[in-house]
Amino acid sequence: MESYKIHLSESEMPQEWYNLIPDLPRPLPPYLHPGTGQPVGPQDLAPIFPMDLIMQEVSPERFIPIPDDVLRIYRLWRPSPLHRARKLEAALKTPARIYYKNESVSPAGSHKPNTAVAQAYYNKVAGIKRLATETGAGQWGSALALACNFFGLECTVYMVKVSYHQKPYRRSLMHIWGADVYPSPTDRTNAGRNILAQTPDTSGSLGISISEAVEDAATHGDTNYSLGSVLNHVLLHQTIVGQETKKQLALAGESPDVLIGCVGGGSNFAGFCFPFVPDKLKGKDIRLIAVEPTACPTLTRGAYTYDFGDTVGLTPLIMMYTLGHGFVPPGIHAGGLRYHGDAPLLCLLVHEKIMEARAYAQNPVFEAARLFAQTEGIIPAPETAHAIKAAVDEAVICRETKSPKVIVLNFSGHGHFDLAAYDAFLEGKLQDIEFDPEAAIRKALEALPKIPGK
Ligand SMILES: Cc1ncc(COP(=O)(O)O)c(C=O)c1O
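Residue numbers (the numbering used here): 1217 to 1670.
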C-alpha cells in the first residue's frame, strides 16, 4: 500500500532543541548597543526578556532540554505529520518525490506556537504577568494568545493595521484565547503617536508594531516583550520541526536533496533546516532554499549590515540583511513576510552561501497554492504558498532533467483565515504590485544607523 503520511509517536518526539550556534562556520556578529556601539549584555535585555531566554540567545550548548511543561503542551498536536505529496507529484508529472512537513495542525494553524508556548512558559516561571507583542497576519498574535491562555498570562497584541482589517477572524481567535488586540500604529505608545502624526494614513508594518510592543514592555514592570521570529531563541524553539522531519525522512528511507521554506523573519525556515546544516557542512549535497516576496525582498535585494530590528530604533543593532528599518512594504496578502530584516543566524548562512534565496510575486504564488489545494486538499497560508511555488518550480526542473530528487518543504500554516485573499485571486483582482522597490530601498538604506566608534 502506498503511504501518504509518516507519523512519529508522541514518545518519539524530540526532547531537546538543536542550537546551531556551536556549529556555525564563523561566529555570529553580536547585537550592538546603538548608543555605545558595544555588544549588548544580558542586563541590557533584562527589562523586556526573562533571563532563561536571554541565556538561550547566546548559549554555546548544542542541545537544550525542552521543559516538561512545554512538552506536555506540544503533545496536543506534535509530532506533526510529514506528508508525501503524491497527487501534486502526479499533477506535475515529475519524477521528484515531494514531501511537506505539516505545521498547520497546531491549534493556531501554524508553526508559531512552537516558540510561543516556550516563551510563555519561561516568562511565567520568571513571575511576569503580561506579554506584549506585534503581529503581521495575525498568526503570531494568535499563537501567543493561545500560549498565554495555557499559562495564565495576559497578552497585548499590536496588529499591523492593514492585516487587522484584512483578517478580522484572526482577531477573533486572539479574543477567544483572551488577548487584547489593537490596530498598529496606535495612540497607546509614543512610537505609535509619532508615526501617526507623520503619516496618519500608514498601513502599518511589522517594524512599527514591534516598536509599540517593545515600548509597552519597557514601560511596564510586570510586562515583557515577546518576538515571534528573528531572534536566536525563537529559531531554537522551532528546531523541533526539523528534528522531527529528519526522523520521519529516515523512516521513509529518504535523504533530502532540497529543503524549502518561506521567510518572513526566518523562524519556520530556520527551524526546519538548521538540524540539516551540520550534514551540509560535512559535505552532504543538500540545497536549502529561502523564499520571500518580491514586494519585500530582504535576502535577495537587501544590504548585509547592522540595522535596527524595529522602525523607531528601540532595539539593539542586528547584523542582518535589511531593506532599511524605515522600509514599509506594500500591503501584500502574505502579511507575515512583510519585515524589513531577517534572522541574523539565517542571514549569516545566506551570506556564507550555505543557503540560497529567491523571491516571487503574488500571482504565481497563489497559482501554486491553488494547485496544491486542488491536489493535496489543504489550503495554504499565503506565506506558505511561497515555499510551495519554489517546490513546484524545482519539481518542474526535475521533470525536464529527468532527475528523481527528494524535495521537502515546510508547510508553515493553513490559509483558512486568508480566504479573502483567495477570493481576490480567483476574481483576478490580486495585482502583482507594480512596484519596483528599488527607490524605496535606496531611501531606507540611506537612513541606516551609524555605529558609534566605527
Ligand atoms: C504561516 C506563516 N508562515 C511563515 C511566516 C513567516 O514567519 P517566519 O519567517 O518567522 O517563519 C508567518 C508569519 O507570520 C506565517 O504566519
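The beta carbon of each residue, even a glycine, is placed where N, CA and C say it ideally should be.
Report yes or no: do three or more beta-carbon pairs, one from the stretch 1427–1437 and one from the stretch 1288–1300, lie closer than 8 Å?
no
Bridge partners for Phe1279 per DSSP, in chain order?
On the sequence shown, residue 1279 is found 63 positions in, with the first residue counted as 1. Answer is Tyr1234, bridged to Phe1279.
Inter-stretch contact at 8 Å, needing at least 3 Cβ pairs: the stretch 1633–1653 / the stretch 1381–1391:
yes
Closest Cα partner of Asn1579 within the set Lys1645, Asp1523 and Asp1285
As a working mapping, residue 1579 is identified with position 363 in the sequence shown. Per the Cα distances, Lys1645.
Identified DSSP bridge partners for Ser1400:
If you number the sequence shown from 1, residue 1400 lands on position 184. Looking at the DSSP assignment, Ser1400 forms a beta bridge with Val1376.
So does Asn1448 have its beta carbon nearer than 7 Å to some heavy atom of ligand 1?
The residue you call residue 1448 lines up with position 232 of the sequence shown. Asn1448 Cβ: outside cutoff for every heavy atom of ligand 1.
Which residues mark the beginning and the end of the beta strand (DSSP E) in which Lys1317 is found?
In the sequence shown, residue 1317 corresponds to position 101, counting from 1. Here the beta strand (DSSP E) through Lys1317 covers Arg1313 to Asn1318.
Tell me which residue opens and which closes the alpha helix (DSSP H) that Arg1206 is part of.
Any question about residue 1206 goes unanswered here, given that the chain covers just 1217 to 1670.
Between Gly1444 and Glu1428, is the Cβ-Cβ spacing less than 8 Å?
For the purposes of this step, residue 1444 is taken as the residue at position 228 of the sequence shown. For the purposes of this step, residue 1428 is taken as the residue at position 212 of the sequence shown. No.
Quick check: the Cα distance between Thr1372 and Ser1388, rounded to an integer number of angstroms?
Residue numbering aside, residue 1372 sits at position 156 when the sequence shown is read from its first letter. Residue numbering aside, residue 1388 sits at position 172 when the sequence shown is read from its first letter. So the alpha carbons of these two residues sit roughly 14 Å apart.
Mind checking whether the beta-carbon of Leu1515 lies closer than 7 Å to any heavy atom of ligand 1?
Here residue 1515 is taken as the residue at index 299 of the sequence shown, counted from 1. No, Cβ of Leu1515 sits at least 7 Å from all heavy atoms of ligand 1.
Report the partner residues of Ala1506 according to the DSSP bridge assignment.
Sequence index remark: in the sequence shown, residue 1506 carries index 290 (1-based). Its beta-bridge partners are Gly1477 and Ala1573.
Beta-ladder partner(s) of Phe1543, from DSSP:
Here residue 1543 is taken as the residue at index 327 of the sequence shown, counted from 1. For Phe1543, which the question treats as bridged, DSSP gives no partner whatsoever.
Round the Cβ separation of Phe1588 and Lys1317 to the nearest angstrom and send it over; I've been treating them as touching at under 8 Å.
As a working note, residue 1588 is residue 372 in the sequence shown. As a working note, residue 1317 is residue 101 in the sequence shown. Actually they do not touch by this definition, with Cβ atoms about 14 Å apart.
So who's on the other strand from His1436, going by DSSP bridges?
Taking the first residue of the sequence shown as 1, we reach residue 1436 at position 220. Note: His1436 sits in no beta bridge, so no partner.
Can you give the Cα-Cα distance for Gln1464 and Ser1227, rounded to whole angstroms?
Here residue 1464 refers to the residue found at position 248 when the sequence shown is read from its first residue. Here residue 1227 refers to the residue found at position 11 when the sequence shown is read from its first residue. Cα-Cα distance, rounded: 14 Å.
For Asp1523, name the three-state secondary structure that DSSP assigns.
By 1-based counting over the sequence shown, the position of residue 1523 is 307. Shown here, Asp1523 sits in a strand according to DSSP, grouped into three states.
Boundaries (first-last residue) of the beta strand (DSSP E) holding His1299:
The residue labelled residue 1299 in the question sits at position 83 within the sequence shown. Where His1299 is concerned, the enclosing beta strand (DSSP E) stretches over Leu1298 to Arg1300.
Which of helix, strand or coil does DSSP assign to Gly1629?
Position 413 of the sequence shown, counting from 1, holds the residue named residue 1629. Residue state, collapsed to three classes: strand.
Tell me where the alpha helix (DSSP H) around Glu1592 begins and ends.
Locating residue 1592 in the sequence shown gives position 376, where the first residue counts as 1. Segment Gln1578 to Glu1592, the alpha helix (DSSP H) holding Glu1592.
If you count every other CB in all the chains shown that lies within 10 Å of the CB of Leu1467, and 16 or more means buried, which is it?
Here residue 1467 corresponds to residue number 251 of the sequence shown, with the count starting at 1. Flag for Leu1467 reads exposed.
Nearest neighbour of Lys1340, chosen from Asp1268, Val1493, Pro1281 and Thr1514 [CA to CA]
Start at 1 with the first residue of the sequence shown, and residue 1340 comes out as number 124. Relative to Lys1340, the option among Asp1268, Val1493, Pro1281 and Thr1514 whose CA is nearest is Asp1268.
Does the distance between the C-beta of Thr1349 and the nearest non-hydrogen atom of ligand 1 fall short of 7 Å?
Within the sequence shown, residue 1349 is the residue found at index 133, counting from 1. No, since every heavy atom of ligand 1 falls outside the 7 Å radius drawn around the Cβ of Thr1349.
What would DSSP say about Pro1255, mapped onto helix, strand or coil?
Numbered from 1 along the sequence shown, position 39 holds the residue referred to as residue 1255. In the three-state scheme derived from DSSP, where H, G and I count as helix and E and B as strand, Pro1255 is classed as strand.
Close-in-space but distant-in-sequence residues of the same chain around Tyr1374 (CB under 6 Å, 5 per side omitted):
Here residue 1374 is taken as the residue at index 158 of the sequence shown, counted from 1. Excluding positions up to five away in sequence, the list reads Glu1350, Tyr1398, Ser1400, Ser1425, Glu1428 and Ala1429.
Could you tell me which residues DSSP pairs with Ala1637 in its beta bridges?
As a first step, residue 1637 must be located in the sequence shown, where it is residue number 421. Answer by DSSP bridge pairing: none, since Ala1637 is not bridged.
With a 10 Å radius around its C-beta and 16 neighbouring C-beta atoms as the bar for buried, classify Ser1358 as buried or exposed.
Taking the first residue of the sequence shown as position 1, residue 1358 is located at position 142. With 16 or more other Cβ atoms within 10 Å, it is buried.
Would you call the CB atoms of Ile1604 and His1630 closer than 8 Å?
Your numbering for residue 1604 matches position 388 in the sequence shown. Your numbering for residue 1630 matches position 414 in the sequence shown. No, Cβ-Cβ distance for Ile1604 and His1630 is not below 8 Å.
Going along the chain, which residues of its own chain have a beta-carbon closer than 7 Å to the beta-carbon of Gln1454, five neighbours each way excluded?
As a first step, residue 1454 must be located in the sequence shown, where it is residue number 238. Answer for Gln1454: His1327, Asn1330, Thr1331, Ser1483, Asn1484, Ala1486 and Gly1487, listed in chain order.
Distance between Cys1614 and Tyr1441 (C-alpha atoms, nearest Å)
As a position in the sequence shown, residue 1441 is number 225, starting the count at 1. As a position in the sequence shown, residue 1614 is number 398, starting the count at 1. Answer to the nearest angstrom: the Cα atoms are 45 Å apart.
Element boundaries [alpha helix (DSSP H), containing Thr1461]
On the sequence shown, position 245 is the one that residue 1461 refers to. Thr1461 -> alpha helix (DSSP H) spans Asn1448 to Leu1467.
Reference Lys1462, options Arg1313, Asp1495 and Pro1246, closest by Cα
Within the sequence shown, the letter at position 246 stands for residue 1462. Comparing Cα positions, the closest option is Asp1495.
Counting C-beta neighbours from all protein chains within 10 Å, is the total for Ser1471 16 or more, i.e. buried, or is it exposed?
Start at 1 with the first residue of the sequence shown, and residue 1471 comes out as number 255. Classification of Ser1471: exposed, given that the 10 Å Cβ count is below 16.
Taking 7 Å as the cut-off, is the C-beta of Leu1553 nearer than that to any heavy atom in ligand 1?
Here residue 1553 corresponds to residue number 337 of the sequence shown, with the count starting at 1. Yes, since a heavy atom of ligand 1 falls inside the 7 Å radius drawn around the Cβ of Leu1553.
Just to confirm, are Leu1533 and Leu1248 a CB contact at a threshold of 8 Å?
Indexing the sequence shown from 1 puts residue 1533 at position 317. Indexing the sequence shown from 1 puts residue 1248 at position 32. Yes; because the gap between Cβ atoms is below 8 Å, this pair is in contact.
C-beta contact flag for Trp1393 and Ala1413 at 8 Å:
Position 177 of the sequence shown holds residue 1393. Position 197 of the sequence shown holds residue 1413. No, these two residues do not count as a Cβ contact at 8 Å.
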